[in-house]
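Here the structure is laid out as structure tokens; the discussion comes afterwards.
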Amino acid sequence: VYLFAEALAEGGVKMGMPYNLSKKLVAHTLLGAAKMILETGEHPGKLKNDVCTPGGTTIHGLYELEKGNLRCTVMNAVEAATKRARELGKD
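Read in full-length UniProt numbering, the sequence shown has 12 at position 12, and its numbers run on one by one without any break.
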């Protein structure tokens, strides 16, 4: 999660935003998303779809993430971390 937050903040810097402002916006975005998941009880996919407007900024950003296989990469990272935790638990 921290790596993703860092990448989002650095993306803001790449687009011309001062780092501290970008970092603050990222933190509030992640906090808001977490609150929505907890408070609404909705599936994260539905919440994602709800914020996408046809031809909008969010769907264009999501397209790039999906093109880069983010979903599969994250799932593989969870699997690798779980396997390693099990290995460490055997010691």
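Just so you know, even glycine gets a beta-carbon here, dropped at the ideal spot from N, CA and C.
Looking at the unbroken alpha helix (DSSP H) that takes in residue i, where does it start and where does it end?
{"i": "E6", "result": "Y2 to K14"}
{"i": "K90", "result": "Per DSSP, K90 belongs to no alpha helix (DSSP H) and is neither H nor E."}
{"i": "G61", "result": "T57 to K67"}
My output table needs one value for residue i: the three-state DSSP class, helix, strand or coil.
{"i": "C72", "result": "helix"}
{"i": "H43", "result": "coil"}
{"i": "V51", "result": "coil"}
{"i": "M17", "result": "coil"}
Verify the CB distance criterion: does residue i have a CB-CB separation below 8 Å to chain C?
{"i": "L25", "result": "Structure shown: chain C not included; a single protein chain is present."}
Pick out whichever of the options has its Cα sitting closest to the Cα of residue i.
{"i": "L21", "options": "L31, T53 and A9", "result": "A9"}
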